[in-house]
Amino acid sequence: MINRIPVGIAGLGAYAPEKVLSNQDLEKLVDTSDEWIYQRTGIRERRIAAPDEDSGAMGAIAAMRALDDARVAPEDVDLILCATTTPDLPFPTNACHIQHRIGAKRAGGFDINSACSGFVFAFNTAVQFVQSGTYRNVLVVGTEKLSTIVNYEDRNTCVIFGDGAGAMLLRPLDDAGRGEVLSTSISTNGGPEQDAVLMVAAGGSRLPASPETLAAKQHTMIMGGNKVYRFAVSTFAKLVKESLEPYGYEQLGRIVPHQVNQRIVEAACERLDMPVDMVFSNIHKYGNTAAASVPVAFTEAYREDMLPKGKLVVSAAFGAGLSWGHFLVRW
Ligand code: UT7
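Counting in the working numbering, the sequence shown runs from 9 upward without gaps.
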């Protein structure tokens, strides 16, 4: 019998870049309208990082805010896990860049790329390290500068995505004092068909950067929106239902999911027979920020007093891969 150390969420932090890109701004770039975007997605605006602001820089600000919230010094961090699809460089990792920027001298670290599910995957990994007693202070960061891989001539994608960063510090529950992790899962289902649903085709080893790939804009995202939509609705509903099964719906305090699309949230709630206001949403302000969306939403839900004490809070995420996962905590 393995003795598992209970894990808690000790600190939360988020960062949104200053520049706002509104639906009206996008009307000037592509054939779309504020009305279409808001009705189909719930998004009004998103944030865009400054040209000299990379995802590591945004992640470091969110990380420092999570450490301040937990009252833990950077020197006491043991491990940094950074979830990102848009790292500063192909290598070294963003974890190294964040370590340097915050002065976490003792920490080891690495990056995790699982697109929109990335934060939940990194959270799950962090739990293993704390639960096993390997590390006490594990910083989990989700950060994205998706504006660098969005084609602002493609109305299918450019209306959806934005930039930002969020972070959590996981510690043994005795030190954290809140956010006891009850369960967490990660799943993937890969293949060529799944690639085609959501991917960046060039810039990797399969199709390295070349003048041709640049001219064809193959370094930007392509998405089969409808396929993602259907997958997201059923996966969201399934993750919430299965994670709550051992406890019962009456113990639920809030759902803080990946901020994917308000219509997806509404459709999933209908399947779950659950009121939409059970779900915390800030997609109207930030759009979909992939690996950053769960910690940004969680931090705002906490600051806005939307996480009832003693109740269950579930986060579910899903995205390219295909990939999906959840974590469930008692707040
Ligand atoms: O984290 C995972 C990342 N992926 C996502 O978050 C995306 C999930 N999917 C979605 O959010 C939705 O599928 C979209 C918002 C992307 C699209 O909504 P939809 O209701 O599935 O629209 P659709 O793709 O079926 O397109 C309906 C119509 C089409 O026109 P026609 O063929 O009916 O004439 C599109 O060309 O809407 C058109 N359209 C637009 N019109 C105005 C597509 N994008 C736009 C746009 N503005 N931005």
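Glycine residues also receive a C-beta, built at the ideal position from the N, C-alpha and C atoms.
L87: member of the beta strand (DSSP E) spanning 87-91, first to last residue. Judged by DSSP secondary structure, H334 falls within the beta strand (DSSP E) whose first and last residues are 331-338.
Rounded to whole angstroms, the gap between the alpha carbons of S122 and F129 is 7 angstroms. The count of Cβ pairs closer than 8 angstroms, one atom from the region 96-107 and one from the region 301-313, stays below three, leaving the stretches out of contact. With respect to the 9 angstroms criterion, G174 and A22 are classified as neighbours on the basis of their beta carbons. Judged by DSSP in its simplified three-state form, V205 adopts helix. Proximity to S155 across V236, V205, D62, A210 peaks at D62, based on C-alpha coordinates.
Distances taken from the Cβ of A328 to the heavy atoms of ligand 1 include one shorter than 8 angstroms.
At least one heavy atom of ligand 1 lies less than 8 angstroms from the C-beta of R271. Around the C-beta of D60, fewer than 16 other C-beta atoms lie within 10 Å, and the residue is accordingly described as exposed. In the DSSP assignment, S63 falls within the unbroken alpha helix (DSSP H) covering 63-78. Note on geometry: alpha-carbon atoms of P180 and V146 lie some 10 angstroms from one another. Distance between I110 and R279, taken at the CA atoms: about 43 angstroms.
In this structure, the alpha-carbon of V135 lies about 41 angstroms from that of A224. The residue among L20, V236, K153 with its C-alpha nearest the C-alpha of L97 is K153. In the structure shown, T196 adopts extended strand secondary structure according to DSSP, grouped into three states. A straight-line Cα-Cα distance of about 11 angstroms links F306 and W339.
Cβ neighbours of L190 within its own chain (closer than 7 angstroms, five residues either side excluded): L336, V337, R338.
Nearest to V268 by alpha-carbon distance, out of L87, N31, F169, is F169. V208 sits away from I263, with the two beta carbons spaced by 9 angstroms or more. Here A74 is buried, its C-beta having at least 16 other C-beta atoms within 10 Å.
In this structure, the straight-line span from the alpha carbon of G318 to that of R79 is close to 22 angstroms.
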